[in-house]
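All remarks here apply to the structure that follows.
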Amino acid sequence: MAASCVRTVGSFLGKCGNCSSSLNTVTSQLSRQVLSRQICVSTALKKNLAAGGPEKFTVEFIQKQVEEFDIGKRHLANMMGEDPENFTQEDIDRSIAYLFPSGLFEKKARPLMKHPEEIFPKQRAVQWGADGRPFHFLFYTGKQSYYSLMHKLYSKILNIEKHQDRMRAKGLFSQDTKEISLDTSRWLTKEELEVLLVETISSNNYDRFIQLMERLLSMPYCNMEEEFVLHYRRPLEARSKKQMVPVPERDDKGVAFSTSDGRRKTSNSSVVLRDCGSGRITVNGQEYLHYFPVLQDREQLMFPLQFMGLLGRFDLQCTVSGGGRSSQAGALRLAISRALLSFLSEGEQETMRQAGLLTPDPRVRERKKPGQEGARRKFTWKKR
Amino acid sequence: MLHLFYSSSSFDFPLSLSVETLHVDPKLTSASASFQACQSEKHLGQFYTLPSAHFRPLFPHGLPYRYQQQVKTFNEACFMVRPPALEVISYLKKADYSKPALRYLFYGVKGSGKTMSLCHAVHFCYTQGWVVLHIPDAHLWVKNCKELLPSSYNSARFDQPLQATTWLRNFRTTNEHLLSQIKTKRRYVWTKRESTDEGRPLGELVNQGISRVKSSSDVVGALMKDLRLQSSQPGADFRLVVAVDGVNALWGRSTIKKENKSVDLEELTLIHNLKKLMKNDWTGGAIITTLSQTGSLYTPKSAYLPQELLGETGFDSMDPFIPVSVPNYSEKEFESAYLYYLDRKWLQHPQSRTEDGKKELSFLSSKNPSMLDRICGFL
Chain Z
670 MAASCVRTVG
680 SFLGKCGNCS
690 SSLNTVTSQL
700 SRQVLSRQIC
710 VSTALKKNLA
720 AGGPEKFTVE
730 FIQKQVEEFD
740 IGKRHLANMM
750 GEDPENFTQE
760 DIDRSIAYLF
770 PSGLFEKKAR
780 PLMKHPEEIF
790 PKQRAVQWGA
800 DGRPFHFLFY
810 TGKQSYYSLM
820 HKLYSKILNI
830 EKHQDRMRAK
840 GLFSQDTKEI
850 SLDTSRWLTK
860 EELEVLLVET
870 ISSNNYDRFI
880 QLMERLLSMP
890 YCNMEEEFVL
900 HYRRPLEARS
910 KKQMVPVPER
920 DDKGVAFSTS
930 DGRRKTSNSS
940 VVLRDCGSGR
950 ITVNGQEYLH
960 YFPVLQDREQ
970 LMFPLQFMGL
980 LGRFDLQCTV
990 SGGGRSSQAG
1000 ALRLAISRAL
1010 LSFLSEGEQE
1020 TMRQAGLLTP
1030 DPRVRERKKP
1040 GQEGARRKFT
1050 WKKR
Chain F
-3 MLHLFYSSSS
7 FDFPLSLSVE
17 TLHVDPKLTS
27 ASASFQACQS
37 EKHLGQFYTL
47 PSAHFRPLFP
57 HGLPYRYQQQ
67 VKTFNEACFM
77 VRPPALEVIS
87 YLKKADYSKP
97 ALRYLFYGVK
107 GSGKTMSLCH
117 AVHFCYTQGW
127 VVLHIPDAHL
137 WVKNCKELLP
147 SSYNSARFDQ
157 PLQATTWLRN
167 FRTTNEHLLS
177 QIKTKRRYVW
187 TKRESTDEGR
197 PLGELVNQGI
207 SRVKSSSDVV
217 GALMKDLRLQ
227 SSQPGADFRL
237 VVAVDGVNAL
247 WGRSTIKKEN
257 KSVDLEELTL
267 IHNLKKLMKN
277 DWTGGAIITT
287 LSQTGSLYTP
297 KSAYLPQELL
307 GETGFDSMDP
317 FIPVSVPNYS
327 EKEFESAYLY
337 YLDRKWLQHP
347 QSRTEDGKKE
357 LSFLSSKNPS
367 MLDRICGFL
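Residue numbers (the numbering used here), protein chains in the order written: chain Z, 670 to 1053; chain F, -3 to 375.
Next comes the structure, spelled out in structure tokens:
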């Protein structure tokens, strides 16, 4: 049955590198082997598949997967009517999402087609030759790549010291050489280092590695090894975001205005705040008294302006959609506070932030769980 | 006593209450003279108090409920002088009463002061000595009717005895001094035994309607016809003002059901007679009306323009009319109202007395009179 599954999938897409299909192929291979040997092998010598640990993929297998992936990529490009030569991974993702639309919430459970390098975990090739003798000299340490890395690092340090001595001998020693810019990056985490080295290391090992790196960087002529160091650093994401203040523009009558958006629960709102001098408010083209008959909503809208004492100065033109009465009011309040930022000084912006006017409210409706009546409410408990 | 509350014309208010009052001789004639004096445009935005002698008879019905409660609380009835009412009053002063009656229509968003403007104009007419035919809310006649009798006059139509008697009672209270002077012009036969002869004072007609509940709607119809005929005559010594609040009810739909069949508006005597009055085929008076969305049936909440609320038929029958829009408070009027509440010590909250508090109130109520009243109610 596994074999027939494989055949249908294969005929469908020309064997794209799908994990499930690969699994099927592996099991089908094993089952074929078992089937073909069934006459000779007794039950006692049957392989215990679980004792092998995680599945081991041979190099040939991986290569075959890569070929299949490339062929599948070309087929996919043909199907989507695009150029097979310039078909990038993004195009592949887009096409798969189009051909196999999935409603699953977990993104990792959706159909995917990626290069086998990314799907199959990196495994080390066999470390010893036919005579059983290991290739690497540090094999018997157990963590050969880690220790080889440490050795390499130390040899670089020695190199730099030798260079320093030479410069000192020539009399050209100077402290102020070009520094490696380390501001925009961070060291690899332990997990990332493990992935790089394809072996597990302990936290002590990791600390030692970082210490050695720091020692390298403390030396004056470390810019010789800049490339090597940067290989082991990752760029930091966008730094602590300063609030993007909307720029006030001037419209044709010379009135300064600023636009901003706000969101709360499921409502989206957008506000244009004009510096006219009247206190008129329009929501979705209607009078704001008519759109928000409840006092509470109007108070929510009033709060940012009243807090800064700028009530009668601005003219608001709001659009809001989605959600209910209260969440629309909350979304508008956030949008007004954001639009107001551009008309305020730094200190006033800070007070607004402290008042909590600029924080988007993260509360969203909690999901109902099975076995309960609501998100938190359980069914009535009956003793018997 | 006639008090005039002044709001200062510029926007820089002293926070302490600067309220000046003018005391005037309380006699009716001089009061009416000074009342006329304060109806000019100089007094826009200011409040004037109704003398209690006028208040009781004139408004047994017809004022908004919240306003009645306010009158009871403050022990006085104050009206604000606003442009729409002033406009209508100026037209009333200048109108030619030998021509067909002019129709005025107040329209505006909910709570902007239409009924109050109507009452203001009615009070003016009352001081001039006109006969006031004030129907407080035409919507009350087309919904929630408990009793419906087939009409004695015309069997196709239906009577509403309860509403008719209440209205007649109020009419009597309003126009007591004039009813004895006006005489009927025709003979009305109610039943085999009862009839009202020609030349009897109208007061008798009204009493007849109040005592004989069954024929009250017909009395109303007769009254309306009589008054209309009489005011049209050139030798008439009185003028008639017909004030209807919620006139769009006359051309809308009704929710009264007779044996599970909805009653058509034409089949109601009261509505039929009122519609005849609305036609401007009579002279010597004026018709002042308001639109009202709040009591109306089957109209969307956002409708406030005459065309939307009156409908095709209504608009055609009311055409030509003078529409008067009643907007929300202007800055000056808002400040005046705010000062009035302060003066009456209605605003107790300490922050409401500050400048910021005033701005907050203006924002929250968006200068709508009824909203302001509601918000100040709990401050």
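C-beta: ideal position from N, C-alpha, C; glycine also.
A quick note: this is a predicted structure, and the numbers were derived from the prediction, not measured.
- Where Ala282/F is concerned, the enclosing beta strand (DSSP E) starts and stops at 281 to 286.
- Distance from Phe1012/Z to Asp966/Z at the Cβ level is roughly 23 Å; contact not present, criterion being Cβ atoms closer than 8 Å.
- Annotated three-state conformation of Tyr184/F is strand, per DSSP.
- When beta bridges are read from the DSSP output, Pro96/F appears opposite Thr279/F.
- Taking every protein chain shown into account, the CB of Phe878/Z has 16 or more other CB atoms within 10 angstroms, so this residue is buried.
- Beta-bridge annotation (DSSP): Gly931/Z is paired with Ser938/Z.
- If you ignore the 5 residues before and after Pro96/F, its C-beta comes within less than 8 Å of the C-beta of Asn276, Asp277, Trp278, Thr279, all in its own chain and listed in chain order.
- Within the DSSP bridge table, the entry for Asp984/Z names Arg943/Z as partners.
- Contact of Phe359/F with chain Z is assigned, a C-beta pair being separated by under 8 Å.
- Taking a Cβ-Cβ threshold of 9 Å, the residues of chain Z close to Asp352/F are Gln975, Gly978, Leu980, in chain order.
- Here Ser258/F is exposed. Its C-beta has fewer than 16 other C-beta atoms within 10 Å.
- Between Lys812/Z and Ile765/Z, the C-beta spacing is not below 8 Å.
- Chain F has no Cβ within less than 8 Å of the Cβ of Met1021/Z.
- Nearest in C-alpha terms to Gly199/F, of all of Thr187/F, Gln177/F, Asp92/F, is Gln177/F.
- The beta carbon of Gly946/Z does not come within 8 Å of any beta carbon belonging to chain F, so the residue lies off that interface.
- Put simply, the CB of Met971/Z is near chain F, with a gap under 8 Å to one of its CB atoms.
- Around the beta-carbon of Thr69/F, fewer than 16 other beta-carbon atoms lie within 10 Å, marking it exposed.
- In terms of Cβ geometry, Lys210/F and Pro157/F form a close pair [threshold 8 Å].
- At least one beta carbon of chain F lies nearer than 8 Å to the beta carbon of Leu958/Z.
- Here Thr846/Z carries a coil assignment [DSSP, helix/strand/coil].
- In the DSSP assignment, the residues bridged to Cys74/F are Thr45/F.
- Annotation for Ser854/Z: no alpha helix (DSSP H) segment contains it, though the beta strand (DSSP E) segment containing it runs 854 to 856.
- Listed along chain F, no residue sits closer than 7 Å to Leu942/Z by beta-carbon distance, the nearest being about 14 Å off.
- Contact between Ser929/Z and Ser996/Z does not hold, since their C-beta atoms are separated by about 17 Å, which reaches or exceeds 8 Å.
- Residues Thr111 of the same chain have their beta carbon placed closer than 6 Å to that of Pro60/F, with the five preceding and five following residues left out of the count.
- Residue pairing by DSSP places Thr869/Z in no beta bridge whatsoever.
- Among the residues facing chain Z, Ser298/F is included, as its CB has a counterpart in that chain under 8 Å away.
- A buried status is given to Leu88/F, since no fewer than 16 other beta-carbon atoms sit within 10 Å of its beta-carbon.
- Residue-level contact by beta carbon fails for Lys89/F and chain Z, as no gap is shorter than 8 Å.
- About 19 Å separates the CB atoms of Arg208/F and Glu194/F; that is not less than 8 Å, and the two are not in contact.
- Gly248/F is positioned such that its CB atom lies closer than 8 Å to that of Gly307/F.
- Annotation: the continuous beta strand (DSSP E) that includes Ser321/F extends over 318 to 321.
- Counting only the Cα atoms, His744/Z lies some 36 Å from Glu906/Z.
- In the structure shown, Ile731/Z adopts helical secondary structure according to DSSP, grouped into three states.
- Scanning chain Z for C-beta atoms nearer than 7 Å to the C-beta of Asn244/F yields nothing, as the closest lies near 19 Å away.
- Per DSSP, the beta-bridge partners of Val952/Z are Gln955/Z, Cys987/Z.
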